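Residue numbers (the numbering used here), protein chains in the order written: chain C, 355 to 573; chain V, 2 to 260. Beta carbons are placed, not taken as given, at the ideal position from N, Cα and C, and that holds for glycine. Because the structure is a prediction, the values reported are computed rather than measured. Since the structure comes first, as structure tokens, the remarks are kept for the end.
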Amino acid sequence: MFQRVLTLLKKDLLLELRQQHTFYGVLLYVASTIFVLYLSLPDAPESQVWNSLFWVIQLFVCVNTVAKSFLAESRGRMLYFYSIASPVEFILGKLLFNVLLMMLMSLVGLALFFFFLDNPVTDAFRFMGIVLLGGTGLSLVFTLMSAIAAKAQQNAALIAILGFPVILPQLLLLMRLSRAAFGEIFREGALWQLAGLTAGLDILVVVMAIILFPYLWKD
Amino acid sequence: MTFNYFCLLGAVYHNFAPLLKSRLAAVNKSWWKILSFLLLVYTIVAGFLWEVPRLDILNETIRNLYFHVCMWFGMMILYGISFAYSIRYLRGFNYKYDIYATHFASLGSLFGVLGYITGAIWVSVTWVTQSGQSLGTVLKEPKLIGAAIALLIYGAYFVLRGSFTDMDKKARVSAVYNIFAFVMLFPSIWIIPRLVGSLHPGSPGSDSGNPALDQNDLDAGMRMVFYPAVIGWTLLGIWLATLRIRLQLIRDKSITHEA
Numbered sequence: 355m356f357q358r359v360l361t362l363l364k365k366d367l368l369l370e371l372r373q374q375h376t377f378y379g380v381l382l383y384v385a386s387t388i389f390v391l392y393l394s395l396p397d398a399p400e401s402q403v404w405n406s407l408f409w410v411i412q413l414f415v416c417v418n419t420v421a422k423s424f425l426a427e428s429r430g431r432m433l434y435f436y437s438i439a440s441p442v443e444f445i446l447g448k449l450l451f452n453v454l455l456m457m458l459m460s461l462v463g464l465a466l467f468f469f470f471l472d473n474p475v476t477d478a479f480r481f482m483g484i485v486l487l488g489g490t491g492l493s494l495v496f497t498l499m500s501a502i503a504a505k506a507q508q509n510a511a512l513i514a515i516l517g518f519p520v521i522l523p524q525l526l527l528l529m530r531l532s533r534a535a536f537g538e539i540f541r542e543g544a545l546w547q548l549a550g551l552t553a554g555l556d557i558l559v560v561v562m563a564i565i566l567f568p569y570l571w572k573d
Numbered sequence: 002m003t004f005n006y007f008c009l010l011g012a013v014y015h016n017f018a019p020l021l022k023s024r025l026a027a028v029n030k031s032w033w034k035i036l037s038f039l040l041l042v043y044t045i046v047a048g049f050l051w052e053v054p055r056l057d058i059l060n061e062t063i064r065n066l067y068f069h070v071c072m073w074f075g076m077m078i079l080y081g082i083s084f085a086y087s088i089r090y091l092r093g094f095n096y097k098y099d100i101y102a103t104h105f106a107s108l109g110s111l112f113g114v115l116g117y118i119t120g121a122i123w124v125s126v127t128w129v130t131q132s133g134q135s136l137g138t139v140l141k142e143p144k145l146i147g148a149a150i151a152l153l154i155y156g157a158y159f160v161l162r163g164s165f166t167d168m169d170k171k172a173r174v175s176a177v178y179n180i181f182a183f184v185m186l187f188p189s190i191w192i193i194p195r196l197v198g199s200l201h202p203g204s205p206g207s208d209s210g211n212p213a214l215d216q217n218d219l220d221a222g223m224r225m226v227f228y229p230a231v232i233g234w235t236l237l238g239i240w241l242a243t244l245r246i247r248l249q250l251i252r253d254k255s256i257t258h259e260a
């Protein structure tokens, strides 16, 4: 089973490498959004503002990155996967691929934020860790939402409608957590508690995906 | 002659016994509706007339507890029932359970909106001070965030349902979303209230996250009204939902193949 998950992951990666226009499309999306922010904001925004903006941008980047993961699959191809893999393997492959993709996009976004919008972060490595953790959580939730929205024929807009209320608690948690990297002192152990909570939520999402995806899969 | 009387009596009995039985059965089946009615009469009468402790700021507005808090209890219970029916739907793909899940969810949302309205009334006399407080600060209350998330999730649920033309697909996909969203809702209700400071009872300032259930928070006399009120309102919600479900089942008789 593990082998097959890896094979599916490899297939997605290969597809991404061969059809680079989608990848560059998202990359350009990230860059242009942050550039717009850079032009519209005053120089060096305050750290709180910087933090909220960063996570909101992450959210939208995630919607755009992950959205196509199921919408891009044609009917015939889904039928093919149906005959060669189990739903659990398929969803795990997708989740893994999207997590990797989103981590990459998060790092690119972070680098661009540092470049364009100053750098109020005092502990860059810690913040990077939080960003990777956050990217993982966002991509997991939106992968599942994309699977649901793909069933409803239409559109990427539905992903946002379905996903935003569900992701909200996680996003608030992440914003709170990332204040640790802005030099705010946390209560003893509170930082790890919050990080653990976020990781726990991620595990919950994966478990739910494994349980629920087989029902979405059949047509 | 007497024989004839007996015959007549027998006929009367034969004709009326099933009716009587069905009446009795109806009472037997609808005892919880009667209970709901009685409890709500009790709630309204006792809620407005009984003695309540007069605390600073709160004063008589504490009576809103019997209405406002009950709405949230009712909402969560109704959403919970909807969640359970979604699971049942996925276990057997019986279309009936999809109807159940939808209508319990919509009634839950109605309770949520009513909870907001009663809450707004309460806020306007307790939190909003003379110096004026913007709506923005009030809306950032953690309990309000949790409630807003719940309403948004179920709003999305209905949008999702609306975007299908194929019935089976609609039922299946929306059941999946319902289950996922409800499970994700729970952490948000547990986590956020413990993260953000609040004016609302049950925030980090006080001891527990669940104000109404705490031993120290509620006066004993008020508890005598509050718990029956919760049960009464919840039963009313279930009653309303079952009425709508029955209507829908009659409409969709041709699809569900059963009465």
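C-alpha gap between residue i and residue j, whole angstroms
i	j	result
R429 (chain C)	P188 (chain V)	35 Å
T62 (chain V)	A121 (chain V)	12 Å
W571 (chain C)	A242 (chain V)	31 Å
K364 (chain C)	P568 (chain C)	22 Å
W123 (chain V)	H104 (chain V)	28 Å
D215 (chain V)	G75 (chain V)	Here the model assigns D215 (chain V) a pLDDT of 48, short of 50, so the residue's position is not dependable, and the following value carries that caveat. Going by the C-alpha atoms only, they are around 18 Å apart.
N211 (chain V)	V231 (chain V)	In this prediction, N211 (chain V) has a pLDDT of 46, which is less than 50 and means its spatial position is unreliable; nothing more can be read from the coordinates.
W409 (chain C)	G48 (chain V)	46 Å
K34 (chain V)	I154 (chain V)	29 Å
L498 (chain C)	A563 (chain C)	7 Å
S83 (chain V)	R64 (chain V)	30 Å
R252 (chain V)	F467 (chain C)	56 Å
V384 (chain C)	I521 (chain C)	20 Å
S204 (chain V)	I146 (chain V)	Low local confidence applies: a pLDDT of 46 at S204 (chain V) is under 50, so the model's placement there is unreliable, with the coordinate-based value given in what follows. Using only the alpha carbons, I get a separation of about 13 Å.
L371 (chain C)	F377 (chain C)	8 Å
Y101 (chain V)	L248 (chain V)	11 Å
T476 (chain C)	S401 (chain C)	10 Å
A452 (chain C)	G81 (chain V)	Contrary to the premise, residue 452 (chain C) reads as Asn rather than Ala in this sequence. The straight-line gap from Cα to Cα measures roughly 31 Å.
K254 (chain V)	Y98 (chain V)	14 Å
I190 (chain V)	K144 (chain V)	8 Å
S440 (chain C)	V114 (chain V)	42 Å
Chain V contact for residue i (CB, 8 Å cutoff)
i	result
I445 (chain C)	no
A506 (chain C)	yes
I411 (chain C)	no
D556 (chain C)	no
M562 (chain C)	yes
I502 (chain C)	yes
I484 (chain C)	no
V520 (chain C)	yes
Y569 (chain C)	yes
L531 (chain C)	no
I515 (chain C)	yes
L525 (chain C)	no
L551 (chain C)	yes
Proximity test, Cβ basis, 8 Å: residue i and chain C
i	result
I78 (chain V)	no
L161 (chain V)	yes
R173 (chain V)	yes
A148 (chain V)	no
V184 (chain V)	yes
I154 (chain V)	yes
L111 (chain V)	no
I88 (chain V)	no
K22 (chain V)	no
K170 (chain V)	yes
S107 (chain V)	no
Spatially closest choice to residue i from the options, by CA coordinates
i	options	result
A313 (chain C)	C:L545, C:T552, C:L527, C:V403	Because chain C here runs from 355 to 573, residue 313 (chain C) falls outside it and cannot be looked at.
S423 (chain C)	C:L494, C:D397, C:L381	C:L494
L108 (chain V)	V:V177, V:A151, V:M225	V:A151
G447 (chain C)	C:L551, C:I513, C:T361	C:T361
T552 (chain C)	C:E443, C:L526, C:F451	C:L526
W404 (chain C)	C:K505, C:L369, C:M529, C:A504	C:M529
M482 (chain C)	C:I502, C:N473, C:L461	C:L461
V380 (chain C)	C:S500, C:M355, C:L471, C:L458	C:L458
F38 (chain V)	V:K171, V:W240, V:M72	V:W240
L566 (chain C)	V:K144, V:R224, V:S87	V:S87
P399 (chain C)	C:A503, C:V420, C:F470, C:G491	C:F470
V177 (chain V)	C:V359, C:L531, C:L516, C:I438	C:L516
Y67 (chain V)	V:K171, V:V226, V:W51	V:V226
S175 (chain V)	C:S406, C:L487, C:A506, C:I484	C:A506
L454 (chain C)	C:L487, C:I438, C:F479, C:D472	C:L487
### Query
What runs of the alpha helix (DSSP H), each 4 residues or longer, lie entirely inside the stretch 397 to 473 of chain C?
Runs of alpha helix (DSSP H) with 4 or more residues, each lying fully within the stretch 397 to 473 of chain C, are found at 401 to 425, 429 to 438, 441 to 470, listed in chain order.
### Message
Ignoring anything shorter than 4 residues, give me the alpha helix (DSSP H) runs that lie fully in the stretch 97 to 178 of chain V, in order along the chain.
### Response
DSSP runs (the alpha helix (DSSP H)) wholly in the stretch 97 to 178 of chain V: 136 to 140, 143 to 163.
#### Entry: Entirely enclosed beta strand (DSSP E) segments - the stretch 55 to 83 of chain V, minimum 3 residues
Qualifying beta strand (DSSP E) stretches: none in this window.
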